[in-house]
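This report refers to the structure that appears directly beneath it.
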Amino acid sequence: MLTSGVMDYLQILQYVINLLTESFKFPGLYSRFASQLGGMFHRNINIPISRSFFLFGARGTGKSTLLRELFPKELALWIDLLDPVVEEAFAIDPGRLRRQVLALPASISHVVIDEIQKAPPLLDVVHGLIENDRVPQHFVLTGSSARKLKAGGANLLAGRAIVRHLFPLFDSEIDGAQEIESTLRWG
């Protein structure tokens with residue numbers, strides 16, 4: 009049973025997505041997301057789709073899976089730094105990101121950089137794109153730990169990107185999908 013607070017949140021989320029669908033001509037974003045939820049757990053997290061943000065969380069919590077549902081490749085430029093070829097290309101030439109973003113069509117609303125901690129210099133490029141170039145796209149930056157980035161002196165885009173954390177599944181997210189005894193025994 010959903011609480012009234014959760015219901016209010018879902019109604020607000022649907023309203024915002026409907027506004028974005030009309031305003032930015034993203035046909036079917038909500039329906040694509042809703043139809044895919046059957047294959048994954050509904051996560052209790054406020055994803056700020058109209059702003060740039062970091063999404064931090066431990067490995068295996070579902071960061072990439074969640075973002076693939078929210079930002080399909082038709083609506084977002086995806087840069088997966090787990091791919092060694094992609095990582096090397098951006099490590100050699102971080103300015104490549106700027107050139108790619110400036111060449112994007114208006115239909116691309118977001119730039120998702122998965123595992124940003126593998127190429128921290130890209131954060132300076134993102135900073136320049138937001139601050140100097142004022143690109144219309146929002147940036148979604150994932151990683152396992154902000155601490156690693158801070159320790160390396162990386163630019164965490166203060167005031168330009170907010171931070172969200174995705175934790176392992178909560179009991180309320182599982183919602184009876186798994187028996188408690190099985191969860192305690194096997195995880």
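First residue of the sequence shown: 9, per the numbering used here; consecutive thereafter. No residue lacks a Cβ here, since even glycine has one placed at the ideal position from N, Cα and C.
By the neighbour-count criterion, in which 16 or more other beta carbons inside 10 Å mark a residue as buried, Ala84 falls on the buried side. Ser117 is positioned such that its CB atom lies closer than 8 Å to that of Gln145. With respect to Ser58, Ile138 sits apart: the two C-beta atoms are not nearer than 8 Å. Taking Ala97 as the centre and dropping the five residues before and after it, the same chain places the C-beta of Arg104 closer than 7 Å to its C-beta, in chain order.
Contact annotation, Leu89 with Ile121: C-beta distance approximately 7 Å; criterion of less than 8 Å satisfied. Contact annotation, Phe79 with Val171: C-beta distance approximately 18 Å; criterion of less than 8 Å not satisfied.
Following the DSSP letters along the chain, one finds Ile170 inside the beta strand (DSSP E) bounded by residues Ile170 to His173. Look at Asp132 here: in three-state DSSP terms it is helix. Phe147 and Pro176 have their C-alpha atoms some 23 Å from each other.
About 7 Å separates the beta carbon of Gly70 from that of Arg51, a gap short enough to meet the 8 Å contact definition.
DSSP, read as helix, strand or coil, puts Phe79 in coil. Unbroken alpha helix (DSSP H) stretches of 4 residues or longer found wholly inside the segment 49-120: 71-78, 92-100 and 103-110, given in chain order.
The Cβ atoms of Val94 and Ile87 sit closer than 8 Å to each other. Here Glu82 is exposed. Its C-beta has fewer than 16 other C-beta atoms within 10 Å.
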